[in-house]
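Note that this note's numbering has the sequence shown beginning at 34, numbered continuously upward.
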Amino acid sequence: MKQSLLMNKYPIYTLEIDKVETTFSNVDEIIAYLQAKVEAHPFAVEIAVFDHYEHTTSIEDHVIDPNIKAAKNFVFCFGKMLPKAAMLAVRPRSIGVSELEDHFEISFLEVPNEKLHEVTEDWAKSIKNK
Numbered sequence: 034m035k036q037s038l039l040m041n042k043y044p045i046y047t048l049e050i051d052k053v054e055t056t057f058s059n060v061d062e063i064i065a066y067l068q069a070k071v072e073a074h075p076f077a078v079e080i081a082v083f084d085h086y087e088h089t090t091s092i093e094d095h096v097i098d099p100n101i102k103a104a105k106n107f108v109f110c111f112g113k114m115l116p117k118a119a120m121l122a123v124r125p126r127s128i129g130v131s132e133l134e135d136h137f138e139i140s141f142l143e144v145p146n147e148k149l150h151e152v153t154e155d156w157a158k159s160i161k162n163k
């Protein structure tokens with residue numbers, strides 16, 4: 034798992050998984066796996082699956098890396114507490130799942146709650162060698 038600052042301001046985590054390192058063969062299978070993780074979690078809830086690839090390619094002047102074959106966001110929330118309204122700025126959570134020629138890339142914004150960040154990181158890492 035690689036931690037970086039996207040555009041010098043967004044703390045993100047990315048994990049590249051070679052296709053030979055997982056039993057999943059496409060983005061939809063990985064999304065279904067993450068849906069099961071959220072379903073089994075005591076208070077996480079699924080919100081949506083957004084097909085970012087389909088959306089982007091439907092725009093006339095779109096720009097997309099030609100190496101990307103599929104890209105979806107799995108949107109969910111761990112929102113057990115709402116101690117102040119500003120927390121809405123970092124919710125809900127999203128895990129990006131992209132398929133490239135020979136690997137998948139899993140990415141997500143840093144989760145403000147350290148324990149829930151670990152859960153999200155564990156979910157991403159568990160895609161490898163499933």
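Built from N, CA and C at the ideal position, the CB exists for glycine as well.
- A Cβ-Cβ distance of about 7 Å is found for the pair Ile139 and Thr47, placing them in contact under the 8 Å criterion.
- Counting C-beta atoms within 10 angstroms of its own C-beta, Thr90 has fewer than 16 neighbours from the protein chains shown and is therefore classed as exposed.
- Residue state for Asp61 is assigned as helix, using DSSP reduced to three classes.
- The closest CA to that of Val108, considering only Phe57, Leu115, Thr153, Met40, is found on Thr153.
- With contacts defined as CB atoms closer than 8 Å, Asp51 and Asp155 fail to qualify as a contacting pair.
- Sequence-distant partners of Glu72 (beyond 5 residues in either direction) whose C-beta falls short of 8 Å from its own C-beta, in its chain, are Glu79.
- Rounded to whole angstroms, the Cβ separation of Ile45 and Val130 is 14 Å, and the two are not in contact under 8 Å.
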